[in-house]
Each structure stands twice: as structure tokens, then as C-alpha cells.
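Note sheet for the following structure.
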Amino acid sequence: MIKLTGVEKKYGRKSILNGITFEADKGQITCLIGINGAGKTTILQAIMGLTPYQKGEITIDGEKLSPAVMEKVTYIPDAMTLLPKMRIKDAFQFMSDFYQNWNGKRAKEILEFFKLQEDERISQLSKGNTAKVNLLMGLAMDADYILMDEPFSGIDIFSREQIADVFSSHLVEDRGVIITTHEISDIEHLIDKAVLLADGVVRKEFMTEQVREEESKSVIDVMREVYKG
Amino acid sequence: MAIHFDKREAVYIQVIRYFKEQIAIGELKSGQEIPSRRELAQQLKINPNTVQRAYKEMEEEGLIYTDGNKPSIVTEEKKRIKEIRESLITEAIDQFVDRITSLQIPKEQVFELVQSKLNEPGREGEEKHD
């Protein structure tokens, strides 16, 4: 389990996170929802140890963040970090040379899942396919937890559908997934838990099946109450 | 296999209802293999934990049966299938009666209306079972 307790972060005088507390379980898909500027990306970066925070605690499976613990987590940023001139297979080679927990077999499997060819150059991929390759790079790592920043942002509907299919597949089986989004409709039935953020605070954390079953509310109904009510 | 999901109702309950309907109309036959949890999650584009919950509940209700690591199958108990069918019919009739009584229409007129509705062209084709 990834657990955040009262995490606070400031840039100078500006508060970015004002005491973030939530949990993300292994074997579940947890979705951080909020408009841009709500602190979603900062939260993922804090979990990855990529940005310092001033107060609070983050633990992974009960342990404080350390290089050893961080091996359990992989982070997929919302922008491609690979060199555009590379072919997909070169990128695979690069990953396998530099990362011990790169799983080449799984990478090929995901390539097939997305119906992409390993000879394609990164620079020649469509926006949607670029997003898929970006996602693939993270999914192919042997890690217990996967953090994805806005995997659906700015891409066409069919690519979004294909990416959404990842979440019901064996590709994330038994792993813990945290995904950020400001658009929930593609994945409403795919996530286990929703964490609603605004201004660096968790406004509500809930299990989606539970609000449907006990309150006859959709995820969007709850969002409407929280953000407009 | 496709379900049009209501976003305000628990997905696992909708999955169970769908299976009951398919079993009741004979689309899923007694003893027939059903998709694995993973396959169904992929087909319906829903969370695998939700499918897991639906299957667990269906097992407890005796709708499906799983032997070890083999694929789950639809119950082979004829009595259970009959019960499923009857409960779906009762449910549908109850809903109908509730709504129609609130409209305060004389019984005779209801019978007539139902009969003419059922006799509308194109409806016969839907009665494919006993």
C-alpha cells in the first residue's frame, strides 16, 4: 500500500499541497481527480521522491521512502521522455541496458496489445501512439506500483479506449495503480477508488462501487456534490 | 456480450443480473463454460475486482460452479435455473403491476392493452423459448 499522511508542500510562499492524506492499495486502481493545479502531478512526484515536501509522511508497504523501496514503483510522466530519433526497438534496448527491472517479454506483449510495430520511429508516431509507447515504457517495468500522470490527456478517443483497456487487462494484474486525470468518463467503471482533490487538499476519498451500491450515485454525481456543492 | 451499464448502480449487481437473464432465456446453457474473470473484465471494459465480486456472489447463489482451476460453468441444477427464471419473471411483473396500479386503470383494460401490445407485429419472434 502507498500511504500519504498530511503531506504539505510549498514553493516559496505558495502552498501546493496542504496536508494530503490517502491510501492506494495493491491490486487496485486509485484515481486522483482534480482540475489542473489541484496538485495531482506534485503528489506523484512526491511519492517518487522527485520533489521535496516539508511536512507529513509517505510510506510504501509500511516503509519510508528509500532507494530500495522506490524499486517497487514506476512512474509514467505525461510527456514522452525518449529521443525522437529512436525506433521503438532501440528504446527497448536502451531500457534493458539501463534498468534491471525492465521486462522485455512484457514490453513485446504490450506492443502487441497496442498493435504497434517495433521498427516505428518515435518521431513518426501519432499523438495517440506516442502516449501508448510512453505508457508501455512504464508498464513493462517489473514494479508493484505504477503511477500514471494523465494517460488520457490530449489524445483521440480510440487511443483513449485502447489505453483504458489496459486497466482491465492482465498488464496491471495484482499491481497497485495510481492514475491522475481531470476527465473521468473513460474510466468510471475501471477504477476501484476515487480521490477528489482541490487546492492541494483531499476533498473526498471513496470506493466507486460503494457509492453506486449504497447511495445510487455515479462518480460524477459525487464530483458534482464536492466541487459545486 | 455487451451490457449497457447504469452509472448509478453497482456494476457487480448489473453483471449478476445480466448473467441471470442470459441463463433464464437459455442463451447461457446449463453446464456451459463462462468467460474467465479477466476475459469478462476485458469484454465489458470494467474493473477485474468487480467481476471477481460478481462471480463470487454468483457462486454463493448457486448460479455458477467452479471446480479448482477449471473455467467456471453455469449450474447444472435444473431446479436452480427454473428458480432464476421465475424470480426474473416475478420481478418484471411486480415492477409492471406497481407502475400500472399507480395509474389506476381498470384491470380489464390492462389485460386488453397487454394482450394487444404482445400481439403487435414483430413481437412473436422474441418468444424463442418454452
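Listed in order, the protein sequences are those of chains R and G. Sequence positions in the first sequence follow the UniProt record's numbering and run 1 to 229. Sequence positions in the second sequence follow the UniProt record's numbering and run 1 to 130. C-beta atoms are modelled at their ideal positions from N, C-alpha and C, and glycine is treated no differently.
Query raised in the report: Any C-beta of chain G sitting closer than 8 Å to the C-beta of R/Ile178?
Result: no
Report task. Output the distance between the C-alpha atoms of R/Lys55 and R/Thr5, rounded to the nearest integer angstrom. Result -> 9 Å
Query raised in the report: Pick from R/Val73, R/Ile29, R/Val7: whose alpha carbon is nearest that of R/Ala194?
Result: R/Ile29
Report task. Identify which residue in G/Gly122, G/Leu113, G/Lys29 has its Cα closest to the Cα of G/Val74. Result -> G/Lys29
Requested in this report: Tell me whether R/Lys115 sits in a helix, a strand or coil according to DSSP, three-state version.
Outcome: coil
Query raised in the report: Do R/Tyr75 and R/Leu17 have their C-beta atoms closer together than 8 Å?
Result: no
Report task. Using the Cα positions of G/Ile100 and G/Glu120, report the straight-line distance between them to the nearest angstrom. Result -> 20 Å
Requested in this report: Take G/Glu83 as the anchor and find which of G/Leu103, G/Glu61, G/Val51 has the nearest alpha-carbon.
Outcome: G/Glu61
**Report entry** Any chain R beta carbon closer than 8 Å to G/Lys45
**Finding:** yes
Requested in this report: Work out the CA separation of G/Thr90 and R/Trp102 for me, nearest whole Å.
Outcome: 56 Å
Report task. Taking 8 Å as the cut-off, decide whether the C-beta atoms of R/Lys72 and R/Asp119 are in contact. Result -> no
Report task. Could you work out which residue in R/Thr41, R/Met48, R/Arg13 is closest to R/Ile2 when comparing CA atoms only? Result -> R/Met48
Query - CB-CB length for G/Ile23 against G/Ile81, believed under 8 Å - result: 6 Å
Query raised in the report: How far does the alpha helix (DSSP H) with G/Thr90 in it reach, from first residue to last?
Result: 78-102
Query - Span of the beta strand (DSSP E), counted from its first residue to its last, around R/Glu23 - result: 14-24
Query raised in the report: Per DSSP, which one or two residues make a beta bridge with G/Val114?
Result: G/Val114 is not bridged to any residue.
Query raised in the report: When the Cα of R/Arg224 is compared with those of R/Lys9, R/Ile33, R/Glu214, which residue comes out closest?
Result: R/Ile33
Query raised in the report: With a CB to CB cut of under 7 Å and the five nearest residues on each side skipped, what residues in its chain are close to G/Gly31?
Result: Ile73, Val74, Glu76
Query raised in the report: Buried or exposed: G/Arg123, going by 16 or more other Cβ atoms within 10 Å of its Cβ?
Result: exposed
Query - Contact under 8 Å by Cβ, G/Ala54 with R/Arg212 - result: no
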